[in-house]
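Quick notes on the structure that follows.
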Amino acid sequence: MHNALTRFDISNRVALVTGASSGIGKHLARALAQAGAKVVLIARREASISELATEIQGHALPRDLCAVNDFDTLANDAAEPFGAPTLLINAAGVNLRQQVDAVTEESWNQTLQLNLSVPFFLSRALVNGMGNQGSIINIASLQSTRAFANSLPYGASKGGITQLTRAMAEAWSPRGIRANAIAPGFFPTELTQAVFDDEQKAAANAAQTCMGRNGELDDLVGPTLFLCSDASAYVTGQVLYVDGGFTAK
Ligand SMILES: NC(=O)c1ccc[n+]([C@@H]2O[C@H](COP(=O)([O-])OP(=O)(O)OC[C@H]3O[C@@H](n4cnc5c(N)ncnc54)[C@H](OP(=O)(O)O)[C@@H]3O)[C@@H](O)[C@H]2O)c1
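Going left to right, the sequence shown walks through residues 2 to 250 as this note's numbering numbers them.
If you want it as structure tokens, here you go:
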């Protein structure tokens, strides 16, 4: 039997993290690096990911993921610094928070493209390089299962990502690549700034959880290391809600 803790070991694994310039992606990229992974960082804001790359000895790949038309080339670029990534965190996302009547074809497409299409096409381009020990983590949401006002396209994309996660597991787990999703509750990032700036709203969201508080970015680290590592070797196609019990109530 292995030492139980070695199952959590991800040292020297190569990870690709999208949305690494801020919020959840940035925090998880740092955590993976602290755990010994070599991390490739994708986002549009070059200065932010370059600074993080210097800090964690990772590699910055500035890209607009909505403008990528050849994901195989992107996969090759991601493999250049450290070898082919076997861990992928699809954290880039957008929520435009428009009233239903304000949603346009353009804003709908932008949301669905970044939140749903990009995770599929990027993952598919990477799986061939993952061998038989890959782990893909998609970032779902409370809105994967709950309808919130002013977020219709976002909710549709996040409902879709949970089913995409199951379909990825069905397609790729026979060859040793696992796909799971983490569904965070409310965490303070640029995406949720409007929610956290409104103290009443933030308190109401905290009160919706079993634990009586909103998330802190560190709450996502353990679940991410678990899903990346062999500690979760028999876990695939699952959605792990890291929400203080919001969806349990
Ligand atoms: N915060 C929460 O409470 C919460 C809850 C549930 C789910 N989530 C999900 O968690 C993920 C991360 O969100 P967050 O809260 O960390 O928000 P955030 O701080 O706004 O981060 C979003 C990230 O996506 C990147 N991004 C946006 N458009 C991009 C594009 N076209 N190409 C490449 N990168 C792009 C942004 O980088 P650039 O602007 O530099 O491109 C940024 O790094 C999202 O999928 C979100 O839906 C968040």
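Ideal placement from N, C-alpha and C gives every residue a C-beta, glycine not left out.
For the pair of segments examined, the region 58–65 was found to touch the region 33–44: the number of CB pairs separated by less than 8 Å reaches three. Here DSSP, grouped into helix, strand and coil, assigns Gly-135 to strand.
Boundaries for Arg-46: no alpha helix (DSSP H) harbours it, and the DSSP string shows neither H nor E there.
Distances from the alpha-carbon of Ala-68 to those of Ser-142, Thr-237, Ile-178 and Leu-115 put Leu-115 closest. When the beta-carbon positions are compared, Ala-141 and Ala-182 come within less than 8 Å of each other. In this structure, Gln-209 and Phe-149 do not form a Cβ contact; the two beta carbons are roughly 11 Å apart against a cut-off of 8 Å. With a cutoff of 8 Å on beta-carbon distance, Phe-188 and Gly-216 are scored as near each other. Assigned with DSSP and collapsed to three states, Ala-36 falls in coil, not helix or strand.
Here the distance from the Cβ of Arg-147 to the nearest heavy atom of ligand 1 is not below 7 Å. Excluding residues up to 5 positions away in sequence, Gly-135, Trp-173 and Ile-178 lie with their Cβ nearer than 7 Å to the Cβ of Val-128 in the same chain. As computed with DSSP, Thr-19 is found in a beta bridge with Ile-43 and Asn-91.
Between Pro-185 and Val-119, the CB-CB gap reaches or exceeds 8 Å. Short of 6 Å from the beta carbon of Phe-227, and not among the five residues preceding or following it, lie these beta carbons of its own chain, in chain order: Ser-233. Ala-32 has its alpha-carbon roughly 20 Å from the corresponding atom of Ala-85. Taking 7 Å as the cut-off, the C-beta of Val-243 does not count as close to any heavy atom of ligand 1. Bounds of the beta strand (DSSP E) holding Ala-180 are 178–185.
Between the beta-carbon of Ile-50 and that of Asn-91 there is about 16 Å, and that puts the pair past the 8 Å contact cut. Inclusion of Pro-154 and Leu-113 in the CB contact set at 8 Å is warranted, their separation being smaller than that value.
Residue pairing by DSSP puts Leu-62 in a beta bridge opposite Ile-43.
Scanning Leu-29, Thr-19 and Asn-96 for the CA closest to the CA of Ala-195 turns up Asn-96. In this chain, Val-240 is not harboured by any alpha helix (DSSP H); it is covered by the beta strand (DSSP E) spanning 240–243.
The beta carbon of Phe-121 lies closer than 7 Å to those of Leu-165 in the same chain, with the five residues before and after it left out.
Beta-carbon to beta-carbon, Leu-123 and Ile-11 are separated by about 20 Å, too far to satisfy the 8 Å threshold.
Annotated as distal: Leu-117 and Ile-57, with beta-carbon spacing of 8 Å or more.
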